[in-house]
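Each remark here refers to the structure printed beneath this line.
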Amino acid sequence: MRGDRMMEGVAEGLWELADIAEKKGEISKAVKCLEAICQASSVSFLPIVIVKTRLRIATLLLKHSHNVNHAKSHLERSQLLLNSIPSCFDLKFRCYSLLSQCYHLVGAIPSQKQILNKALTLSSQPQGFSSKLWSCNFNSQLANALIIQGDYQASLSSLEHAYISATQLHYPELQMFFATSILHVHLMLWDDVTLVEQAVNRCNVVWDSIPLDKRLHCHGLLFYNELLHIFYLLRICDYKNATQHVDKLDAAMKADLQNTKQIQALNKELHVINRDLSCSDRNLPYRDRLALNTKQAQVEQQLSALTGHTSFAKDALEPAYFGNVRREWGDKLQLAQHPIEGEWLPKSAVYALVDLMVVVFSRPKGLFKECGKRIQSGVQTIEGELSRLGVNDTMREVDIQHSAIWMAGVYLMLLMQFLENKVAVELTRSEFVEAQKALVLMKSWYVRFPTILQACGSIIEMLRGQYSHSVGCYSEAAFHFIEASKLTESKSLQAMCHVYAAVSYICIGDAESSSQALDLIGPVYSMVDSFVGVREKTSVLFAYGFLLMKQQNLQEARLRLANGLQTTHVTLGNLQLVAQYLTVLGNLALSLHDTGQAREILRSSLTLAKKLYDIPTQIWVLSNMTALYQQLDEKGNETENSEYQRKKEIDLEKRIADAHGSIHHSELAEKVKIEVNKMNDIDMKPGTAGASVEVNNLDIPESVGLSPSTRRSSRLMDIDIGTRGKRKL
Numbered sequence: 055m056r057g058d059r060m061m062e063g064v065a066e067g068l069w070e071l072a073d074i075a076e077k078k079g080e081i082s083k084a085v086k087c088l089e090a091i092c093q094a095s096s097v098s099f100l101p102i103v104i105v106k107t108r109l110r111i112a113t114l115l116l117k118h119s120h121n122v123n124h125a126k127s128h129l130e131r132s133q134l135l136l137n138s139i140p141s142c143f144d145l146k147f148r149c150y151s152l153l154s155q156c157y158h159l160v161g162a163i164p165s166q167k168q169i170l171n172k173a174l175t176l177s178s179q180p181q182g183f184s185s186k187l188w189s190c191n192f193n194s195q196l197a198n199a200l201i202i203q204g205d206y207q208a209s210l211s212s213l214e215h216a217y218i219s220a221t222q223l224h225y226p227e228l229q230m231f232f233a234t235s236i237l238h239v240h241l242m243l244w245d246d247v248t249l250v251e252q253a254v255n256r257c258n259v260v261w262d263s264i265p266l267d268k269r270l271h272c273h274g275l276l277f278y279n280e281l282l283h284i285f286y287l288l289r290i291c292d293y294k295n296a297t298q299h300v301d302k303l304d305a306a307m308k309a310d311l312q313n314t315k316q317i318q319a320l321n322k323e324l325h326v327i328n329r330d331l332s333c334s335d336r337n338l339p340y341r342d343r344l345a346l347n348t349k350q351a352q353v354e355q356q357l358s359a360l361t362g363h364t365s366f367a368k369d370a371l372e373p374a375y376f377g378n379v380r381r382e383w384g385d386k387l388q389l390a391q392h393p394i395e396g397e398w399l400p401k402s403a404v405y406a407l408v409d410l411m412v413v414v415f416s417r418p419k420g421l422f423k424e425c426g427k428r429i430q431s432g433v434q435t436i437e438g439e440l441s442r443l444g445v446n447d448t449m450r451e452v453d454i455q456h457s458a459i460w461m462a463g464v465y466l467m468l469l470m471q472f473l474e475n476k477v478a479v480e481l482t483r484s485e486f487v488e489a490q491k492a493l494v495l496m497k498s499w500y501v502r503f504p505t506i507l508q509a510c511g512s513i514i515e516m517l518r519g520q521y522s523h524s525v526g527c528y529s530e531a532a533f534h535f536i537e538a539s540k541l542t543e544s545k546s547l548q549a550m551c552h553v554y555a556a557v558s559y560i561c562i563g564d565a566e567s568s569s570q571a572l573d574l575i576g577p578v579y580s581m582v583d584s585f586v587g588v589r590e591k592t593s594v595l596f597a598y599g600f601l602l603m604k605q606q607n608l609q610e611a612r613l614r615l616a617n618g619l620q621t622t623h624v625t626l627g628n629l630q631l632v633a634q635y636l637t638v639l640g641n642l643a644l645s646l647h648d649t650g651q652a653r654e655i656l657r658s659s660l661t662l663a664k665k666l667y668d669i670p671t672q673i674w675v676l677s678n679m680t681a682l683y684q685q686l687d688e689k690g691n692e693t694e695n696s697e698y699q700r701k702k703e704i705d706l707e708k709r710i711a712d713a714h715g716s717i718h719h720s721e722l723a724e725k726v727k728i729e730v731n732k733m734n735d736i737d738m739k740p741g742t743a744g745a746s747v748e749v750n751n752l753d754i755p756e757s758v759g760l761s762p763s764t765r766r767s768s769r770l771m772d773i774d775i776g777t778r779g780k781r782k783l
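The working numbering numbers the first residue of the sequence shown as 55 and each following residue consecutively.
Here it is, written out as structure tokens:
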């Protein structure tokens, strides 16, 4: 008996040394201290001591290194030892949870599912509150594994079981975690709009059931829930209500950043107080020591109020859900308490996503200064996180640590989406050379990480088409749009690609090209009502209406265009597309000799085009206004307008010439597909790697570009591609 106590004392001493080493950042020393217990041959530790030690080693390795296989080995040995020990359910549950995460990190999904099913069997035995919480943990991880395999229905079943358990525990915050997770899966699956709407409503009900004082500290759930609501509303094209959620998120992010600064300041102050208390000599006056103790208690109370939680016990085994980057507690947006403790994404990724949402909503309104600030902020955040993961400008997919693939994929996808929006902004402003730089950078990342960024292949081809179209290379643009349609399985994206290709064919202007445009527009127009929302409808109505006008079917063209304009104005709020609709309708009114209406419409269009710095649209409007003044025999206005139009044309021609003269022009515009070599040893299942932040159909509907005349510099443009990807639970 005395020997057992002695050995426990030895173990506790080594555990304490490991804690000290970890606090100093000397992780290898900490691991060696602990492994000394496991490797002791001349002495015998109790199995429970070995198990606790191995779990501690695994936790250290997962938090501070890429050595997942080493951690997995310790956990598998712990599991074998635990099989021979009755009870000890909490240790068994922790071991199962950490081992599941190891299998997840190395991509061994079948093994992960097997261990989780064992864990669920054990937690189903009547053991009270704790076992139900662990059951929720295992169902959460199982749902995630099933998503990776594309089994959405089984994933939903696991989450529903967990939701029921949380309801039985009368734990609304945990209910909210599973309600949002269920909504996330429905958004990915999207097989029944009614089911998605029901999932949204359930989130609203559960969120409202959480007491306000507790809700204030549910930062992770707030961001997760609001972002999912935004994705849903964007999918159904309810941009007005989505804007409210974006504003709420932006305010919450700014408040949290301020809160973080206060916490950092208080932690710094507490550190100084603790140092003074520990380092002061024994002769420190009682009154001064009492003052320090009082101040210490006050600061700790302030910290507790700001964070809304108390610290974990030092022996808590914190899951490492998102790879191997060490993040302090304040750097996380926790979704649920122990033993769930999951994140959707790290705080930095969520904040970057909020910046991205602001960009997505600001860009169609012409708020380019705000877009520029948010793009810069987002890109800087992402580059910093990629650097922490060891991903730099020269690394290739083959060099990345397997355990870092998923997290790197998240940040790479976000980076691509920011760059994509930068391309769209620069092309709208006719800053073609700047757009080239961003697009070349996208291409470089894609070529180096083709498997992780496989969802970006079609987007890059679309952007190449947009760039080519913007600088007058219409044949090349049509080629890239058609290639983009071949690289995606999304019916919606394929439809938009065909509309864009049709637009480029219309701009070529000959009879054969017009016929090709009609062949592309017709099938999309016939199935447009099958799409969710109105994104595809507004674009195809615009292109089809203009084609009808060229065929001299003026009344039919006017009907289609008026219908499309109303939908665009009321539902979408995309000022560029509104300006382009107005310009076409102004041209139509001019053709029908309705000069009063033409003047009013064209003035409105010019105002919007100026707000957007959209030079091609301005030129097209001005050319129509010149024709209007000719009809009205207003010589003074005609001369003044023509001079202003010519200045704009010279400006645009210079910008296009600069773009054509760039070393990147041929690389982007030529009719050549991007060739990449995907790695065979990276198993990219649905929902993995960069697919994790899918904001499917989150983009504001695109504008489309058409040529108003045979003059080379007078063309309407910006096919304004939005952001895409694939999501992970």
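Glycine included, every Cβ here is placed at the ideal spot set by N, Cα and C.
Which value, in whole angstroms, describes the spacing of the CA atoms of residue i and residue j?
i: Ser567; j: Tyr635; result: 22 Å
i: Ser194; j: Tyr225; result: 16 Å
i: Leu469; j: Gly432; result: 8 Å
i: Pro762; j: Val414; result: Confidence at Pro762 is low in this model, with a pLDDT of 35, below 50, so its placement is unreliable and the value that follows should be read with caution. If you take the alpha carbons of Pro762 and Val414, they lie about 28 Å apart.
i: Val675; j: Thr482; result: 16 Å
i: Lys540; j: Cys551; result: 9 Å
i: Val525; j: Leu288; result: 30 Å
i: Pro670; j: Ser484; result: 8 Å
i: Val259; j: Gly396; result: 22 Å
i: Leu547; j: Ile673; result: 30 Å
i: Ala305; j: Thr621; result: 30 Å
i: Ile655; j: Phe596; result: 16 Å
i: Arg110; j: Pro393; result: 16 Å
i: Gln179; j: Ser138; result: 18 Å
i: Ser529; j: Leu642; result: 26 Å
i: His456; j: Gly63; result: 39 Å
i: Val247; j: Leu187; result: 31 Å
Restricting to Cα atoms, I'd like to know which of the options is closest to residue i.
i: Glu80; options: Leu109, Leu115, Gly67 and Ile91; result: Leu115
i: Leu686; options: Gly650, Leu100, Ser212 and Glu214; result: Gly650
i: Tyr465; options: Ile169, Glu214 and Leu399; result: Leu399
i: Lys86; options: Leu682, Glu70 and Pro101; result: Glu70
i: Ser212; options: Gln222, Ala253, Ser235 and Ile562; result: Ser235
i: Ser677; options: Leu443, Val638 and Leu145; result: Val638
i: Arg442; options: Glu424, Arg450, Glu451 and Met461; result: Met461
i: Leu344; options: Asp330, Val122 and Lys701; result: Asp330
i: Met467; options: Ala458, Glu439, Tyr405 and Leu507; result: Leu507
i: Lys591; options: Leu619, Asp573 and Gln609; result: Leu619
Can you tell me which of the three DSSP states residue i falls into?
i: Asn121; result: coil
i: Ala652; result: helix
i: Leu338; result: coil
i: Arg417; result: helix
i: Leu389; result: coil
i: Trp398; result: coil
i: Ser484; result: coil
i: Leu785; result: Outside the shown range of the chain, which is 55 to 783, sits residue 785, and nothing can be said about it.
i: Leu706; result: helix
i: Gln684; result: helix
i: Tyr667; result: coil
i: Arg450; result: coil
i: Glu530; result: helix
Could you round the C-beta distance between residue i and residue j to whole angstroms and report it? I think they count as a contact, below 8 Å.
i: Leu666; j: Ala633; result: 7 Å
i: Ala220; j: Cys190; result: 6 Å
i: Leu241; j: Tyr206; result: Actually they are not in contact, since the Cβ atoms of Leu241 and Tyr206 sit about 11 Å apart, beyond 8 Å.
i: Glu227; j: Leu275; result: 7 Å
Tell me whether residue i, by its Cβ, gets closer than 7 Å to a heavy atom of the ligand FAD.
i: Ser716; result: Looking for the ligand FAD in the displayed structure turns up nothing, as the structure carries no ligands at all.
Does the beta carbon of residue i sit closer than 8 Å to a beta carbon anywhere in chain E?
i: Ala162; result: Here chain E cannot be found, since the structure has a single protein chain.
Quick test of the definition: if touching needs 3 or more C-beta pairs under 8 Å, does the segment 122–132 touch the segment 147–156? Enough Cβ pairs lie closer than 8 Å, so yes.
Assess contact between the segment 404–411 and the segment 427–441, defined as three or more Cβ pairs (one per stretch) separated by less than 8 Å. Is contact present? Yes: at least three Cβ pairs fall under 8 Å.
Pair every Cβ in the segment 282–290 with every Cβ in the segment 318–335, then say whether three or more of these pairs are closer than 8 Å. With the cut-off at 8 Å, the segment 282–290 and the segment 318–335 do not touch.
At least three beta-carbon pairs within less than 8 Å, the segment 472–486 to the segment 510–530: In the pairwise beta carbon analysis, the segment 472–486 is classified as touching the segment 510–530: at least three pairs are separated by under 8 Å.
Hey, is the segment 197–213 in contact with the segment 155–166, meaning 3+ C-beta pairs nearer than 8 Å? Yes, the segment 197–213 touches the segment 155–166.
Any contact between the segment 528–542 and the segment 716–735? By contact I mean 3 or more CB pairs, one from each, below 8 Å. Taking a contact to require three or more Cβ pairs closer than 8 Å, the segment 528–542 and the segment 716–735 qualify as touching.
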